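Just so you know, my numbering puts the end of the sequence shown at 571, numbered straight through with nothing missing.
Yeah, the Cβ is synthetic: ideal placement off N, Cα and C, and Gly gets one too.
None of these values were measured; they are calculated from a predicted model.
See below for the structure under consideration.
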Amino acid sequence: MKKVLFIGSSDKSKVLLNLINVVSNTGLKSLHIDGSTSSYLNHVVPDIGGKLNKIEFSGFDCALNHRTLKEAKTDGYDYVQIETDSSTFLKGASLKEFDHIYIITSFDRSDLSKTKTLVDEIIAAQEKATYLMKLIIHPYVSTHMDEDYVYDFLNNDYILRSDDFYTFEFNELDYLRAVENSHSEKVNLKKYSRGYRKTLESLIGDIEPTSSKEVASAFSKARRG
347 MKKVLFIGSS DKSKVLLNLI NVVSNTGLKS LHIDGSTSSY LNHVVPDIGG KLNKIEFSGF
407 DCALNHRTLK EAKTDGYDYV QIETDSSTFL KGASLKEFDH IYIITSFDRS DLSKTKTLVD
467 EIIAAQEKAT YLMKLIIHPY VSTHMDEDYV YDFLNNDYIL RSDDFYTFEF NELDYLRAVE
527 NSHSEKVNLK KYSRGYRKTL ESLIGDIEPT SSKEVASAFS KARRG
């Protein structure tokens, strides 16, 4: 089982739903665990009603309404991704159990500040060791800031920096498509920009849930909806 953690205080659910939609189209049994305080999935996944702990959505399973990651059942899955903006959600979990850890943030100072607090709290509760954490900037806008600026802002000696850096550039049409998906209660990559899809493809390539050939085929399925 491949287990991937996404942490940060900015909006990340829409990107991650698109990501796991592609992964599930490879045939891997996939689970998205929502450990965010906003509980985004409660508002976009149909027929939840705030009571269910797991539901199938667009070809993959979603786990939600759990207080901690330990409460979520992951047995039997090939691919599991976790999103959270709460250090409490990871109580009792070791960062060493994840194959990849990504920090998602924007360049906005508020997002960076809240993400720094989150990362510091998570690492403080862990065994004293260094952890490789790669950056995803969403939404990305061109400024004087880059990945080094973000790592410097986070300023945590236990973070191992990576040269891999994923940017989802702000695009009005991509935002429109994400809004339409949320109202249609489904996930697909129709009408997303080429830049968005290329970044998503690169990110999935880094995670390596399966072969690149199977991922390419899954992208085609996801675009057809």
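- Setting aside the 5 residues that flank it on each side, D510 is surrounded in the same chain by K480 and D552, each with a C-beta closer than 7 Å to its C-beta; the list follows chain order.
- The beta carbon of D520 is closer than 7 Å to those of Y538, S539 and Y542 in its chain, skipping five residues each way along the sequence.
- Remark: C-beta atoms of Y512 and T556 do not approach each other more closely than 7 Å.
- In the three-state DSSP reduction, K400 falls in the strand class (E or B).
- If one requires a minimum length of 4 residues, the alpha helix (DSSP H) runs lying completely within the stretch 519–568 are 540–553, in chain order.
- If you check the CB distance, G354 and I428 do not come in under 7 Å.
- Between P485 and S530, the C-beta spacing is not below 7 Å.
- Here DSSP, grouped into helix, strand and coil, assigns H378 to strand.
- Contact between T383 and S432 is confirmed by a C-beta separation of about 5 Å, below the 8 Å threshold.
- In the DSSP assignment, Y497 falls within the unbroken alpha helix (DSSP H) covering E493 to L500.
- At a Cβ-Cβ threshold of 7 Å, F352 and I505 do not count as neighbours.
- When DSSP states are grouped into helix, strand and coil, K348 belongs to the strand group.
- Taking S359 as the centre and dropping the five residues before and after it, the same chain places the C-beta of Y386 closer than 6 Å to its C-beta, in chain order.
- Taking a C-beta distance under 7 Å as the contact criterion, L522 and R569 do not qualify as a contact pair.
- One thing to note: E560 has its Cβ within 7 Å of the Cβ of T372.
- With respect to the 7 Å criterion, A564 and V368 are classified as neighbours on the basis of their beta carbons.
- D407 counts as buried, since no fewer than 16 other beta carbons sit within 10 angstroms of its beta carbon.
- The beta carbon of K349 lies closer than 6 Å to those of V426, F444 and D445 in the same chain, with the five residues before and after it left out.
- For the set H389, A409 and H378, the Cα lying nearest the Cα of L398 is the one of A409.
- Counting of Cβ neighbours within 10 angstroms places V487 among the exposed residues, the total staying below 16.
- In this structure, the beta-carbon distance from L362 to V533 does not fall below 7 Å.
- The Cβ atoms of V391 and I379 lie no closer than 7 Å to each other.
- For L481, the enclosing beta strand (DSSP E) has its first and last residue at K480 to Y486.
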